[in-house]
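Just so you know, we're using this note's numbering here: the sequence shown kicks off at 59 and counts up by one.
Every residue, glycine too, gets a C-beta built ideally from N, C-alpha and C.
Notes follow the structure.
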Amino acid sequence: MKLTLYYAPGACSLASHIALEESGLAYEAFRINTAAGEQRSPEYLKINSRGRVPTLVIDGRTLTENVAIMTFIAGGHPKSGLWPSNTLDQAEALSVMSWLANSVHPAFAHIFRTERYSDDVSTHEAIKNKGRETFWNCLKEIDAMVAGRRWYFGNRFTVVDGYLLVFYRWGLRIHLDMKSLTHYTALVERVASRPAVKRVMAEEGIALQP
Ligand SMILES: N[C@@H](CCC(=O)N[C@@H](CS)C(=O)NCC(=O)O)C(=O)O
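So, in structure tokens, the structure goes:
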């Protein structure tokens, strides 16, 4: 099976990148420079017509969306140990990852991609402020969710933990008081110290502190 991941450093694609590296599957990773607009190049739009990362190409077939990519990598390869083993936990993993993709990520997009939410520039400051408040409330919710847990699913590291690291970094990036979220901080420090995660961050050229 040939796997090719398209990612941008520090973007949400980091979650899929971590999942792939942790899985032990062989894959190639291609960097897309989103700041330079490479995601909108004709070549990349042929691979992913939405012009977003991540994209995982599996034997020539394109899969988009972090939730789907991580379900394929972890759920489809149980030997990797990155996916819970019972059905209810699997459903919970999907529930948490869907919430991260559908609520937490868009809250942040209100701050960084404000132009997508209104053409009226005079509303942008208010949209950013609301996004910041919503994003912070999500991060606090995550902190409560992981209280007293080594990993999200207790003793087992799963793809959910790698995905949680992405939003922690984004919180640091916009100077939120992430250290005050003590449970979330402890979990993310454990994630960041895993050898596979260190390799991915080195490959992407990023640190936990953006
Ligand atoms: N729901 C998608 C979101 C993908 C997405 O928005 N990716 C961002 C990076 S975090 C992107 O490609 N941004 C480039 C752009 O918006 O032009 C997923 O979770 O995979």
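*Are the segment 121 to 138 and the segment 185 to 197 touching by the rule of at least three beta carbon pairs closer than 8 Å?*
no
*If you run the structure through DSSP and keep just helix, strand and coil, what is Arg-89?*
strand
*asked:* Using the three-state DSSP reduction, which class does Gly-270 fall into: helix, strand or coil?
replied: Only positions 59 to 268 of the chain appear in this structure, which leaves residue 270 out of reach.
*Do the CB positions of Thr-120 and Thr-113 come within less than 9 Å of each other?*
yes
*asked:* Let me check one thing: in DSSP terms, what residues is Leu-116 bridge-paired to?
replied: The sequence shown places Ile at residue 116, rather than the Leu named in the question. In DSSP, Ile-116 forms a bridge with Leu-61 and Arg-119.
*Since Gly-212 sits in a beta bridge, which residues does DSSP pair it with?*
Trp-209
*Give the straight-line distance between the Cα atoms of Glu-96 and Ser-161, rounded to the nearest whole angstrom.*
26 Å
*Below 8 Å, can you find three or more Cβ-Cβ pairs linking the segment 170 to 186 to the segment 195 to 213?*
no
_Classify Val-179: buried if its beta carbon has 16 or more other beta carbons within 10 angstroms, exposed otherwise._
exposed
*Please find out if some non-hydrogen atom of ligand 1 comes closer than 8 Å to the beta-carbon of Asn-124.*
yes
*Give a single yes or no on whether Gln-267 has its beta carbon closer than 8 Å to a heavy atom of ligand 1.*
no
_DSSP three-state label for Ile-264, please._
coil
*If you compare alpha carbons, which of Pro-268, Thr-243 and Arg-231 is closest to Met-203?*
Thr-243
*Can you have a look at Gly-263 and say buried or exposed, based on whether 16 or more other CB atoms are within 10 angstroms of its CB?*
exposed
_Distance, Asp-219 Cα to Gly-133 Cα_ = 15 Å
*Beta-carbon separation of Leu-234 and Asp-201 under 9 Å?*
no
*Between the Cα of Pro-309 and those of Phe-225, Ser-153 and Leu-152, spot the shortest distance and give me the residue it belongs to.*
Since the displayed the chain opens at 59 and closes at 268, residue 309 lies outside it and no answer follows.
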